[in-house]
Amino acid sequence: MSTKKKPTEYEIPEEKPTIVEEPFMPLPTLNLDMSKRYTYADYLTWIDDQRRELIDGFIYLMSAPKRIHAQITRELNVFIGSFIKKNKGKCQVYHAPFDVRIPIEGSKEDDKIYNIVQPDICVICDLSKLDDRGCIGAPDLIVEVLSPSTAQKDWSKKFNLYEEAGVREYWIIDPKAKTVHVFLLQPDNMYDLGTIYECNEKAPVHIFEGLEIDLKELFEE
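In case it helps, the working numbering puts the sequence shown at residues 3 to 223.
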């Protein structure tokens, strides 16, 4: 005599899965006025695939970095992150895309913030500046890796913005020349004239005692 086996709670019926094909919904193409001044509140409404920064409210479009740019950013992120972890530091290191809101005029309300940047690398030691949307306030260290499309912005507009915001240390890395320019904030809240480090040197990270970046290793392909 045969008897039916009672299924246990762990048995799954042998049924073919139902495949539901959902229609492809492309993100809308935004027609933004590049001459208009926007705020972070506006920025939050822009849902598409385009990366952007706002400096003094004006839009700067961003493109995907070249391979060497991405490699340098990745390696530097590992060097700094490993140092922090090894020394049980409290600082956090982030790489782009990561929004940094800089409320130059003091107000932290979304509709009063006109500067939103995505640095290649940033280090934040005051963890109260971090929230679910990124960082609000000046990071302790910012690193920008130059590319033909961003060089002028990194050397001028971002330099001035980071200085005014009080970013303690600003690095500009030139992959083509294989150099690093390091600027340190002085007591008068202005950057010094900067120090250039060549490919065969080690560049100290001044916000961390004992951390030096071997540039030969950083630029090695």
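We put the CB at the ideal spot given by N, CA and C, even for glycine. These numbers come from a predicted model, not from an experiment.
query, result
"Where are the alpha helix (DSSP H) runs, 4 residues long or more, that stay fully inside the stretch 128–164, in chain order?", "153–157"
"Quick check: residue 103 and residue 136, are their CB atoms within less than 9 Å of each other?", "yes"
"With DSSP run on the structure shown, which of helix, strand or coil describes residue 70?", "helix"
"For residue 197, does the three-state DSSP call read helix, strand or coil?", "strand"
"Measuring straight from C-alpha to C-alpha, what distance separates residue 185 and residue 86?", "21 Å"
"The beta strand (DSSP E) spanning residue 63 covers which residue range?", "60–64"
"Grab the span of the beta strand (DSSP E) containing residue 44 for me, first residue to last.", "Counting along the chain, residue 44 falls outside any beta strand (DSSP E), though it belongs to the alpha helix (DSSP H) covering 42–45."
"Going by DSSP, what residue range makes up the alpha helix (DSSP H) through residue 221?", "217–221"
"In the DSSP assignment, find the beta strand (DSSP E) that holds residue 172 and state where it starts and stops.", "171–176"
"Since residue 71 and residue 149 are thought to touch, with beta carbons under 8 Å apart, how far apart are those beta carbons, to the nearest angstrom?", "6 Å"
"When burial is assigned at 16 or more other CB atoms within 10 Å of the CB, is residue 121 buried or exposed?", "buried"
"What number of angstroms, rounded off, separates the C-alpha of residue 46 from the C-alpha of residue 54?", "11 Å"
"Is the number of C-beta pairs between the stretch 193–205 and the stretch 108–123 that are closer than 8 Å three or more?", "no"
"Is it buried or exposed for residue 195, if we count other Cβ within 10 angstroms and need 16 for buried?", "exposed"
"Can you list, in chain order, the residues of its chain whose CB lies under 8 Å from that of residue 109, leaving out five sequence neighbours each side?", "115"
"Might you give, ordered along the chain, the residues of its own chain that have their beta carbon closer than 8 Å to the beta carbon of residue 180, omitting 5 neighbours on each side?", "200, 201, 217 and 221"
"What is the DSSP secondary structure of residue 76, reduced to helix, strand or coil?", "helix"
"Buried or exposed: residue 99, going by 16 or more other Cβ atoms within 10 Å of its Cβ?", "exposed"
"Taking the continuous beta strand (DSSP E) assigned at residue 97, which residues delimit it?", "94–97"
"What's the gap between the Cα of residue 176 and the Cα of residue 155?", "14 Å"
"Below 8 Å on the Cβ atoms is my guess for residue 214 versus residue 205; work out the distance and round it to an integer in Å.", "7 Å"
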